[in-house]
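Residue numbers (the numbering used here): 215 to 485.
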């Protein structure tokens, strides 16, 4: 009888611990899952190093299912209302987490808010529209390969110094729910611009994050139509010309304001 009592006690303790473990698993938030997935995806990455395709898909799968509810946001929050006195609506940035390998943050845009055309040097970037409608325009540089040869064969005039040819990657409106956009160090639309058609929030994962001391600073650009400079366009139809533009570096636009605010959604527990 004594032995039987001990077995029952051990069995009861085992079941109790199992229930506790199940409860812990249920308590893991989507934000925590995102953080833990990012740790695994970017563990062996660095500037210019892209995660393997299977890891990219793992992180994308987590982001694809996320909404504003998962990060504690509501469309009626002050972040998403433009002041009537502001010509250019203020944009709010919420930092969820940042380390040397990756960062997780949310841009909150009121209607007509704009994040100007900028780059992501050496980075792989995942952007998930949590709610609202946003127009995204993105570019990749035209390199010295076949694209450049086809477009710039026998140029009539050289473009000014500092002006480079870029190819349009995306020029469309997106409305949540929609899939995650991914850009890479050399393709996928490494330079992009966001324009809010309605109040919206976009969650960004950057691997690695910007870092001025390491040369990964955010550079802004002005874009001009392909026809702005005279080149031999025999290799291009009129429709094809719309797929290219000239980009020139510029100072950070003074009429765009991005302010930081405290993230108050589900917390990330570092492991």
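Glycine included, each C-beta is placed from N, C-alpha and C at the ideal position.
Comparing C-alpha distances from residue 409 to each of 391, 322, 478 shows the shortest one belongs to 322. Residue 252 sits in a helix when the DSSP states are folded into three classes. Residue pairing by DSSP puts residue 341 in a beta bridge opposite 395, 418.
Put simply, of 297, 338, 383 the residue whose alpha carbon is nearest the alpha carbon of residue 267 is 338.
The residue among 341, 280, 457 with its C-alpha nearest the C-alpha of residue 397 is 341. For residue 410, there is no enclosing alpha helix (DSSP H); the enclosing beta strand (DSSP E) covers residues 405-410. Take the alpha-carbon of residue 417 and the one of residue 284: they are about 11 angstroms apart. Looking at the DSSP output, residue 425 sits in a beta bridge with 430. Look at the beta carbons and you see the region 422-439 not touching the region 295-303: under three pairs across the two are nearer than 8 angstroms.
Taking each of 272, 249, 302, 344 in turn and checking the Cα distance to residue 468, the smallest one comes out for 302. Distance check between residue 305 and each of 480, 470, 483 places 470 closest, using alpha-carbon atoms only. Distance check between residue 258 and each of 438, 293, 422, 390 places 422 closest, using alpha-carbon atoms only. Listed in chain order, the non-local C-beta contacts of residue 280 below 8 angstroms within the same chain comprise 244, 248, 342, 344, 417, local neighbours out to five positions each way being set aside.
Non-local beta-carbon contacts of residue 382 in its own chain, meaning distances under 8 angstroms to residues more than five positions away in sequence, involve 351, 352, 353, 456, 457, 458, 459 in chain order. Judged by DSSP secondary structure, residue 271 falls within the alpha helix (DSSP H) whose first and last residues are 267-278. In the structure shown, the three-state DSSP call for residue 400 is coil. Our two residues, residue 241 and residue 256, have alpha carbons roughly 24 angstroms apart in a direct line. Residue 288 is classed as exposed because its beta carbon has fewer than 16 other beta carbons within 10 Å across all chains shown. The residue among 400, 413, 482 with its C-alpha nearest the C-alpha of residue 355 is 400.
Beta-carbon to beta-carbon, residue 349 and residue 274 are separated by about 22 angstroms, too far to satisfy the 8 angstroms threshold. Note that the C-beta distance between residue 404 and residue 278 is not below 7 angstroms. With contacts defined by Cβ atoms closer than 7 angstroms, residue 462 and residue 376 form a contacting pair.
About 19 angstroms separates the CB atoms of residue 319 and residue 331; that is not less than 8 angstroms, and the two are not in contact.
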